[in-house]
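Residue numbering for the sequence shown follows my numbering, beginning at -18 and increasing consecutively.
Glycine included, C-beta positions come from ideal geometry on N, C-alpha and C.
This report concerns only the one structure given below.
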Amino acid sequence: MKKNVLFAALVMATLGLTGCVSHHFNGGYTTDIQSIDFAHTRFRLGSACRNYVLGIPFGGEDRFIQAVQNGRISKVQFTEDRVENYLIFGRKCIDVYGQ
């Protein structure tokens, strides 16, 4: 009996931690990276995320303007989408980098 409970807990922990995370730049925006001085620029990061359970959204908003406000960014350099998918839970975020 004790072995069955331990095995079930191990299987549930493994399935709960199984997932996929991806980062990609938005294709709709064009950024002239030649004008960015990466050596001397300290980027701020603003993020806005929306959570999902079984594909149904709840809590938070993944909006560009919300990410800019969260990072107190006045000049946007570039943006990135981040998607985290786990077996039951998920999260979609937009990350905005700038000054």
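Close CB contacts of Leu26 within its chain, under the 7 Å cut and outside five residues either way in sequence, are with Gly52, Asp76, Tyr78 (chain order).
Following the DSSP letters along the chain, one finds Gln58 in no alpha helix (DSSP H) but inside the beta strand (DSSP E) bounded by residues 57 to 67. Inter-residue distance for Ser55 and Val64 is about 25 Å (C-alpha atoms, whole angstroms). When secondary structure is reduced to three states using DSSP, Ala29 falls in the strand class.
The continuous beta strand (DSSP E) containing Gly71 extends over residues 70 to 79. Pairing Cys1 with Gln50, the inter-Cα distance amounts to about 28 Å. For Gly36, the closest of Asn66, Ala(-11), Arg23 by C-alpha to C-alpha distance is Asn66.
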